[in-house]
Amino acid sequence: MSVDAAGRFLAVLAEIAGDAPPNLGTICEACAVALPVCGASLVLMGAGDHESVAGVFGGAAAAAQDAEFMLGEGPGLEAHLVGRPVVVADLIVAADRWPRFAPVAVELGIRAIHAVPLRAGTTTIGVLELYGDHRSGSPTDWLQDPLLLANTIGLLLLNLQAEAASESLAWALNIADTRAVVHQATGMISAQLQVGVDEALVRLRGRAFAVDRAVEAVAAEVVAGSSRFES
Amino acid sequence: MDVDRRDEWLARTFVELADTLVADFDLIDFLSMLADRCVELLDGAEVGLLLADPRGSLQVMASSTERIGRIESCEVQYEEGPCYECYRSGLPVLNARLEGAERRWPRFAPVAKESGYQMVHALPLRLRDDVIGTMNVFDTSLHEMTPEEVGLTRAFADAATIGILQERTIRRKSDLSTQLQAALDSRVVVEQAKGIVAERLKVDIDAAFRLLRDHARRNREQLSAVAGALVSGSLGAPELLSGSAGHHPAPEDRSG
């Protein structure tokens, strides 16, 4: 198979986005349509290795993205850490690599994952994660050249940022994002518990895990004032 | 309405706007402040600014509330609504009721009504013969803008255009990837700072953002620097209130 995944991705993206600038959500959608996968996640990292903004397409992908974030382990985080793609052909076999994340992903119907770090300049700014179910085949077949797709997306992101003013994040890069409420909740929790933001995030993720709900849902309650953290 | 007091308020507002057109000019900051001043003038309606990118697609640049920002994004997505009409025609859309607007804006009208708005207006931002964006006013009441209010809003739109020109002239061509990284970093920190301020001062997120932004402007600092200081603990949230004795008061009422 010598199909150019990056080229197909761009064609699909142009069709989905039309005249509007792409955003993280439509970029994920284009990946999910152009490739034989069941979903895609795009996470860009910011200060202190906090996830700055995120986009996603696909129900299972959204739940898996949240689980990886909540549990602090998974192929996406690993790809970002090592700066190289991480390919998981069978999550059941790879269960001991990510003992908490793998069973959650498997239960969502995800069999295989291909995670590719995104670069802007010399730094890794985030990670693209592709999720496959039982119909998706081998993840090594999804992308002939993972770095080509990653660089294509990296260029798209830079292009979007070029149209922003000064140090503000381009609107197109945060329009599909729902992480803002997580950062806001992190700030509130850090003030409630008198701890730093890194620890506040750990506590937020811990509560989401304990009550078995998505991190964003718990964060929204904190910001709305209906949920507090007391020491 | 006291004409003298309103005129004095306007004069101070435009001096303040001119003050921000200096070296460390931040366009988003400038447009946000402009939107907020316009809100004060229009007594509670919400204001947003959309700008056309080099391809001609409208982008949301500043919103006085998150709510109007979201609805404006819907307009951009649907390519339908008062802002799009205004942008395409170059003509203002004034006193447009959402009730009964389903034929004119079949996707935008229901979404905007559901968010609580009843009346919408849009004014073009003009640069000579080109329309470069729109200034939008969304109202939860059925107040119709008087010719005077339209004139004043147009003055704000002109000020926005001047600010945009300024920014395009002085924008530094620094490395894009460094800019993107810095923008991603600052987003985390600014959102976290909003949460810290909201909790410590017992205000909502929108109010927390305004306090951050006002403090940054008063002290001539970048918003992300103020946010970083709050997150690291070198700046305390109560200090954001201490400058508010000089806070710019809104005109007390306006003519009906």
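The listed protein sequences correspond, in order, to chains A and B.
Numbering-wise (this note's numbering), the first sequence opens with residue 8 and increments by one.
Numbering-wise (this note's numbering), the second sequence opens with residue 51 and increments by one.
Ideal Cβ placement from N, Cα and C applies to all residues, glycine included.
Remember, it's a predicted structure, so these values are computed and weren't measured experimentally.
Can you grab the Cα-Cα spacing for the pair V134(A) / L84(B), in whole Å? Along the first sequence, read from residue 1 onward, the residue named residue 134(A) stands at position 127. Along the second sequence, read from residue 1 onward, the residue named residue 84(B) stands at position 34. Distance between the alpha carbons of V134(A) and L84(B) is about 37 Å.
From the DSSP output, in three-state form, read off M111(B) for me. Position 61 of the second sequence, counted from the first residue, corresponds to residue 111(B). Strand, per DSSP.
Pick out whichever of A275(B), V97(B), S227(B), D254(B) has its Cα sitting closest to the Cα of A227(A). For the purposes of this step, residue 227(A) is identified with residue 220 of the first sequence, where counting begins at 1. When only C-alpha atoms are compared, the closest one is D254(B).
For the alpha helix (DSSP H) holding Y128(B), just list the boundary residues, first then last. In the second sequence, the residue the question calls residue 128(B) occupies position 78. Where Y128(B) is concerned, the enclosing alpha helix (DSSP H) stretches over 116-128.
Compare the Cα-Cα distances from G278(B) to each of H171(B), S292(B), Y134(B), I246(B) and report the closest residue. Counted from its first residue, the second sequence places residue 278(B) at position 228. Closest by alpha carbon: I246(B).
If I'm right that C133(B) touches A172(B) with Cβ under 8 Å, what's the distance once you round it to whole angstroms? Mapped onto the second sequence, residue 133(B) falls at position 83. Mapped onto the second sequence, residue 172(B) falls at position 122. About 5 Å separates the two Cβ atoms, so the contact holds.
State buried or exposed for N30(A), treating a residue as buried only when at least 16 other CB atoms are found within 10 Å of its CB. Here the question's residue 30(A) lines up with position 23 in the first sequence. Buried is the call here.
Using 10 angstroms around the beta-carbon of E122(B), count the other beta-carbons present and answer buried if the total reaches 16, otherwise exposed. In the second sequence, residue 122(B) corresponds to position 72, counting from 1. Classified as buried, E122(B) has 16 or more neighbouring CB atoms from the shown chains inside 10 Å of its CB.
If you compare alpha carbons, which of E249(B), D256(B), S139(B) is closest to G286(B)? As a first step, residue 286(B) is located in the second sequence; it is residue number 236 there, counting from the start. Residue E249(B) is the option with its Cα nearest to G286(B).
Are the beta-carbon atoms belonging to L46(A) and G32(A) less than 8 Å from one another? Here residue 46(A) corresponds to residue number 39 of the first sequence, with the count starting at 1. Here residue 32(A) corresponds to residue number 25 of the first sequence, with the count starting at 1. Reading the sequence as shown, one finds Gly at residue 46(A) and not Leu. Cβ distance not < 8 Å, so G46(A) and G32(A) don't count as in contact.
Please confirm if the segment 136-143 of chain A is in contact with the segment 109-117 of chain A, defined as three or more CB-CB distances below 8 Å between the two stretches. yes
When the Cα of G144(A) is compared with those of V189(A), G81(A), L98(A), E58(A), which residue comes out closest? Position 137 of the first sequence, counted from the start, is the residue given in the question as residue 144(A). That would be L98(A), whose Cα lies nearest to the Cα of G144(A).
Going by CA-CA distance only, name the one from L164(A), T185(A), E22(A) that's closest to A61(A). One-based indexing of the first sequence puts residue 61(A) at position 54. Selected option, being the one with the closest Cα: T185(A).
Report yes or no: do three or more beta-carbon pairs, one from the segment 228-241 of chain B and one from the segment 96-103 of chain B, lie closer than 8 Å? no
Three or more C-beta pairs under 8 Å: does that hold for the segment 187-195 of chain A against the segment 143-163 of chain A? no
Contacts that Q191(A) makes with chain B (C-beta to C-beta distance below 8 Å): Within the first sequence, the letter at position 184 stands for residue 191(A). Those within 8 Å of Q191(A) in chain B are E241, Q242, K244, G245, A248, I255.
Kindly list, in the order they appear in chain B, the residues whose Cβ is closer than 8 Å to that of V230(A). Stepping through the first sequence from its first residue, residue 230(A) is reached at position 223. By Cβ distance, chain B contributes G245, A248, I255.
Using a Cβ-Cβ distance under 8 Å, would E237(A) count as near chain B? As a first step, residue 237(A) must be located in the first sequence, where it is residue number 230. No, no contact with chain B.
Taking DSSP as the reference, what is the three-state secondary structure of E75(A)? By one-based count along the first sequence, residue 75(A) stands at place 68. Three-state DSSP puts E75(A) in a helix.
Only counting the same chain, and skipping five residues up and downstream in sequence, which positions put a Cβ closer than 8 Å to that of G203(A)? Along the first sequence, one-based indexing puts residue 203(A) at 196. Within the same chain, G203(A) has close Cβ partners S197.
Quick one: what's A102(B) bridged to in DSSP? Translated into the one-based positions of the second sequence, residue 102(B) becomes position 52. Per DSSP, L108(B).
Touch test, the segment 139-148 of chain B against the segment 99-110 of chain B, Cβ-Cβ under 8 Å, three pairs minimum: Taking a cut-off of 8 Å on C-beta distances, the segment 139-148 of chain B does not touch the segment 99-110 of chain B, as fewer than three cross pairs fall below it.
Flag R210(A) as yes when its Cβ comes closer than 7 Å to any non-hydrogen atom of the ligand MN, and as no otherwise. Among the components modelled here there is no ligand, and therefore nothing to report on the ligand MN.
For P2(A) versus P153(A), is the C-beta spacing smaller than 8 Å? In the structure displayed, chain A extends from 8 to 238; residue 2(A) sits before or after that span and is not available.
DSSP three-state label for L285(B), please. Position 235 of the second sequence, counted from the start, is the residue given in the question as residue 285(B). Here L285(B) sits in coil by DSSP.
Along the segment 90-112 of chain A, what residues have a CB closer than 8 Å to any CB found in chain B? Listed by position along the chain: nothing, the set is empty.
Whether A24(A) touches Q109(B) by CB criterion (8 Å): The residue labelled residue 24(A) in the question sits at position 17 within the first sequence. The residue labelled residue 109(B) in the question sits at position 59 within the second sequence. Taking 8 Å as the Cβ cut-off, A24(A) and Q109(B) do not qualify as a contacting pair.
Looking at the structure shown, is A41(A) part of a helix, part of a strand, or coil, going by DSSP? Taking the first sequence and counting its residues from 1, the one referred to as residue 41(A) is at position 34. Note: A41(A) maps to helix in three-state DSSP.
Rounded straight-line distance, which links the Cα of H193(B) to that of A12(A): In the first sequence, counting from the first residue as 1, residue 12(A) sits at position 5. In the second sequence, counting from the first residue as 1, residue 193(B) sits at position 143. Answer to the nearest angstrom: the Cα atoms are 53 Å apart.
So, does the CB of R138(B) fall closer than 8 Å to a CB anywhere in chain A? Taking the first residue of the second sequence as position 1, residue 138(B) is located at position 88. Closer than 8 Å: no.
Burial state of K223(B) (16 or more Cβ within 10 Å): The residue you call residue 223(B) lines up with position 173 of the second sequence. Any answer about K223(B) is weak, because its pLDDT of 40 lies below 50 and its placement is not dependable; what the coordinates show is given next. Burial call: exposed.
Stretch pair the segment 205-219 of chain A + the segment 71-79 of chain A: three plus CB contacts closer than 8 Å: yes
In its own chain, which residues sit with a C-beta less than 8 Å from the C-beta of R212(A), not counting the 5 before and 5 after it? In the first sequence, residue 212(A) corresponds to position 205, counting from 1. Hits under 8 Å: F76, M77, L78, G79, V222.
Specify, as a first and last residue, the run of the alpha helix (DSSP H) that G62(A) falls within. Locating residue 62(A) in the first sequence gives position 55, counting from the first residue. That residue, G62(A), is in no alpha helix (DSSP H); its beta strand (DSSP E) goes 58-64.
Coil, strand or helix - G94(B) by DSSP: The sequence position of residue 94(B) within the second sequence is 44, counting from 1. Note: G94(B) maps to coil in three-state DSSP.
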